[in-house]
Structure formats: structure tokens, C-alpha cells
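Enquirer: To get this note's numbering, take the position in the sequence shown, counting from 1, and add 36.
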Amino acid sequence: MTAQTALVDKAPQFAHARPVRDTASGARRLKYLLVVLAFLLPSAIPLVLFVLGPMIAAAWVSLNQWNLLAPMKFVGIDNYVKLLRDPQTGAVFLHTVYYIAGYLPLVYVGGLLLALALNSALKGRSLLRGVYFLPVITSWIVVALVWRWLLSPSNGIVNTVLAWSGIHGPGWWTDPSWSMPSIILASAWKDLGFVMVILLAGLQAIPTDLYDAAKVDGANAWKRFFSVTLPLLSPSTFFVIVISLVNGFQVFDQIYAMTGGGPNGSSESVVAEIYDLTFRYGRAGDASALSWMLFIVILAVTLIQIRGQKRWVTYG
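Pasting the structure below:
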């Protein structure tokens with residue numbers, strides 16, 4: 037009886053002990069959360085002010101009719117409906133997809149070839165890496181103007197070299213059929229260095245033991261490339277594709293500097309159309325709606341890539 041009485045007396049003590057432990061654990065979690073927020077605050081404030089804030093503002097503007105001067109007039113989703121019915125919207129999206137379809141394979145294959153070459157025992161490869169990366173940090177306006185001169189139909193170097201071979205060069209950025217290929221060439225040349233650096237880092241992370249084992253198994257250079265290099269380079273390839281697609285959908289600087297969207301709107305991209313709607317035609321509501329449509333497309337494409345990476349990206 038004495039032992040039972042002692043247990044009964046101790047039972048309330050155990051019952052009161054649990055809330056004390058929960059309170060202490062909650063205080064630790066709150067302290068940890070505050071520490072994390074303190075470290076995130078320097079980057080969170082600019083994120084809210086310059087990214088999330090403008091996005092929310094653009095969403096509100098897209099529901100209004102506004103010419104940047106007069107007061108806004110709420111129109112609901114009329115701007116979206118008008119854009120979906122406008123053939124120009126489909127045209128600028130097709131031009132953007134055309135740009136991506138030409139730019140992405142060109143910049144990836146070129147960057148991969150450069151990475152493979154500079155990953156070998158090549159004399160002066162450190163200097164060459166810097167030289168090939170130099171266009172990446174060069175202003176797009178400068179690059180666009182240089183390529184505009186190189187591809188000049190009358191006195192450009194490219195057409196001059198083609199004439200020496202008996203080939204009549206095209207009109208490049210002055211020809212509606214060649215304006216977008218001109219922009220693709222300039223864009224791929226500028227971004228080759230960035231893709232090269234990413235893929236070069238991926239190549240240097242591949243263990244050399246795998247290549248040695250493949251050689252022992254009798255695999256030649258091509259088999260080693262397709263069986264070892266490409267599969268283990270897939271994480272870097274995935275990163276390059278995602279970044280290049282996102283940047284490709286937002287192409288603007290080179291178009292603005294080289295062609296201005298012409299001739300006859302043949303190189304007008306989505307972002308260039310957003311610019312024109314806002315500052316040329318005073319249709320900020322339509323421009324904001326188009327920017328949100330572009331955001332939804334980029335988000336959908338990115339999510340599809342993230343979901344599909346499990347089928348072809350090899351980690352480790």
C-alpha cells in the first residue's frame with residue numbers, strides 16, 4: 037500500500053513535467069526561427085521590395101486600363117481576353133520559341149565542345165578560358181552593335197568573307213527571313229563562355245577512375261563519351277538548359293539593339309512586345325497582362341523540366 041501511495045503521489049509530477057518540456061522546446065524553435073529570419077532579412081527585404089512587390093503591382097495593373105498618365109480604370113480580365121484574341125500575341129510567342137529553338141542547341145553544343153577542349157592538356161588553356169568567358173561580362177549593347185556591324189549586308193566582314201568564296205551573303209538583320217538567325221548567332225556567341233564554365237566544372241567533377249575502367253573494358257573514345265561523360269554531365273546539362281530557357285523566353289537586349297523588333301516585326305519577342313505596349317502605345321495594363329502570361333509559360337516549362345529530370349539526370 038505504501039508503494040502504491042508513492043506512485044499516486046508521483047503521478048501528478050509527471051503530468052506537470054510534459055508542458056514544461058513542450059514550452060522549452062517551443063521557445064527553442066522560436067529562437068531558431070528568429071535567428072534564421074535575422075540571417076535571411078538582408079536578402080528578404082530586397083526580394084520583397086524589388087521582386088514580389090513589383091509582381092503583385094503588375095498583377096493589379098493587368099486588371100486595369102492605364103496609359104501611365106491618367107488614373108487607372110478597372111476592367112477585370114479584359115486585358116487577358118484581348119491579348120489572347122490578338123494575333124500579335126501568338127506571333128511574338130512564336131518568334132520567341134523560334135529564338136529558343138535555334139539558340140539552345142547552338143549554345144549548348146558550342147559550350148560543350150569548348151569545355152571538352154579546355155578540359156584536355158592544352159597549352160595556354162587558362163588564358164583561353166578567360167578569353168572565351170570575356171563576352172559573358174561584356175555589355176549586351178556593345179556585343180549587339182559589334183554583331184550588327186559584322187553582319188552588315190553591305191560592308192560586313194561575314195558577307196565579305198562569303199563573297200570571297202563566291203557566295204552571295206544574305207541581308208541578315210535587314211532581311212525578315214534572317215533577322216532572328218542574326219540575333220541567335222550573336223546571343224550564342226556571347227553566352228558560349230557561360231555554358232563552357234558550367235560544363236567544364238561538371239567535366240572536372242567526373243572521377244577519372246570511371247574512364248580508366250571503361251578503357252579496360254575496351255570502350256573507345258566515343259563510347260566513353262556517351263556512356264560516361266554525358267550521363268555524369270547531365271546535372272550540369274540540366275542546369276544549363278533551365279537557365280538558358282528562362283533567359284531565352286526573356287530575350288530583349290539584343291533585339292532592341294540589333295533590329296528593334298524589325299524588319300516588319302519579324303524579330304519581335306514577348307518582352308519586346310511588353311516594352312512596346314508600355315512605352316510606345318501607352319497600354320500598361322495590356323503589357324502587365326502579357327508579362328504575367330509570360331511568367332505562367334516560363335513557370336510551366338520549368339516545372340515540366342523539374343518533373344522530367346528524374347528520367348535522364350544522373351546524380352553521383
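The beta carbon of each residue, even a glycine, is placed where N, CA and C say it ideally should be.
DSSP three-state call for residue 100: helix, strand or coil?
Expert: The residue you call residue 100 lines up with position 64 of the sequence shown. Three-state DSSP puts residue 100 in a strand.
Enquirer: By the three-class DSSP mapping on this structure, what secondary structure does residue 110 have?
Expert: Residue mapping note: residue 110 aligns to position 74 of the sequence shown, counting from 1. In the structure shown, residue 110 sits in a strand (DSSP, three-state: E or B).
Enquirer: Count the other CB atoms within 10 Å of the CB of residue 234; is the residue buried (16 or more) or exposed (fewer)?
Expert: Translated into the one-based positions of the sequence shown, residue 234 becomes position 198. Classification for residue 234: buried.
Enquirer: Between the Cα of residue 172 and the Cα atoms of 228, 145, 146, which residue gives the shortest distance?
Expert: Sequence index remark: in the sequence shown, residue 172 carries index 136 (1-based). The shortest C-alpha separation from residue 172 is found at 228.
Enquirer: To the nearest angstrom, how far is the alpha carbon of residue 179 from that of residue 82?
Expert: As a working mapping, residue 179 is identified with position 143 in the sequence shown. As a working mapping, residue 82 is identified with position 46 in the sequence shown. The C-alpha of residue 82 is placed about 30 Å away from the C-alpha of residue 179.
Enquirer: Do residue 263 and residue 97 have their C-beta atoms closer together than 8 Å?
Expert: Walking along the sequence shown from the start, residue 263 turns up at place 227. Walking along the sequence shown from the start, residue 97 turns up at place 61. No, they are not a contact pair.
Enquirer: So what's residue 223 in DSSP terms, helix, strand or just coil?
Expert: The residue given as residue 223 occupies position 187 in the sequence shown. In this structure, residue 223 counts as helix in the three-state DSSP scheme.
Enquirer: Can you tell me which of the three DSSP states residue 174 falls into?
Expert: Walking along the sequence shown from the start, residue 174 turns up at place 138. In this structure, DSSP gives residue 174 a state outside helix and strand, which the three-state scheme calls coil.
Enquirer: Measure from the alpha carbon of residue 131 to the alpha carbon of each residue in 217, 64, 312, then state which is nearest.
Expert: Locating residue 131 in the sequence shown gives position 95, where the first residue counts as 1. Checking every option, the nearest Cα to that of residue 131 belongs to 217.
Enquirer: Three-state secondary structure (DSSP) at residue 75?
Expert: Indexing the sequence shown from 1 puts residue 75 at position 39. Correct three-state label for residue 75: helix.
Enquirer: So residue 305 and residue 287 are in contact, right, with Cβ under 8 Å, and what is the actual spacing, rounded?
Expert: Taking the sequence shown and counting its residues from 1, one reaches residue 305 at position 269. Taking the sequence shown and counting its residues from 1, one reaches residue 287 at position 251. Residue 305 to residue 287, Cβ: 5 Å. Contact.
Enquirer: When the Cα of residue 183 is compared with those of 295, 134, 314, which residue comes out closest?
Expert: The residue labelled residue 183 in the question sits at position 147 within the sequence shown. The residue from 295, 134, 314 with its alpha-carbon nearest to that of residue 183 is 295.
Enquirer: Which whole-angstrom value is the C-beta distance of residue 139 and residue 284, which I expect to be below 8 Å?
Expert: By 1-based counting over the sequence shown, the position of residue 139 is 103. By 1-based counting over the sequence shown, the position of residue 284 is 248. About 6 Å separates the two Cβ atoms, so the contact holds.
Enquirer: Cα-Cα, which of 259, 272, 316 is closest to residue 241?
Expert: Taking the first residue of the sequence shown as position 1, residue 241 is located at position 205. Nearest C-alpha to residue 241: 272.
Enquirer: If we count the other Cβ atoms within 10 Å of its Cβ and call it buried at 16 or more, is residue 63 buried or exposed?
Expert: The residue you call residue 63 lines up with position 27 of the sequence shown. When all chains shown are included, residue 63 counts as exposed.
Enquirer: Under 7 Å Cβ to Cβ from residue 351, same chain only, skipping five residues before and after it: list those, please.
Expert: The residue given as residue 351 occupies position 315 in the sequence shown. Cβ neighbours of residue 351 beyond the five flanking positions: 271.
Enquirer: Evaluate the contact criterion for the stretch 196–205 versus the stretch 108–121: three or more CB pairs, one atom per stretch, below 8 Å.
Expert: no
Enquirer: In chain order, which continuous runs of the alpha helix (DSSP H) of length 4 or greater are located wholly inside the stretch 180–217?
Expert: 193–200
Enquirer: Can you check whether the CB of residue 168 is closer than 8 Å to the CB of residue 232?
Expert: Position 196 of the sequence shown, counting from 1, holds the residue named residue 232. Position 132 of the sequence shown, counting from 1, holds the residue named residue 168. Yes, the pair counts as a contact, with Cβ atoms nearer than the cut-off.
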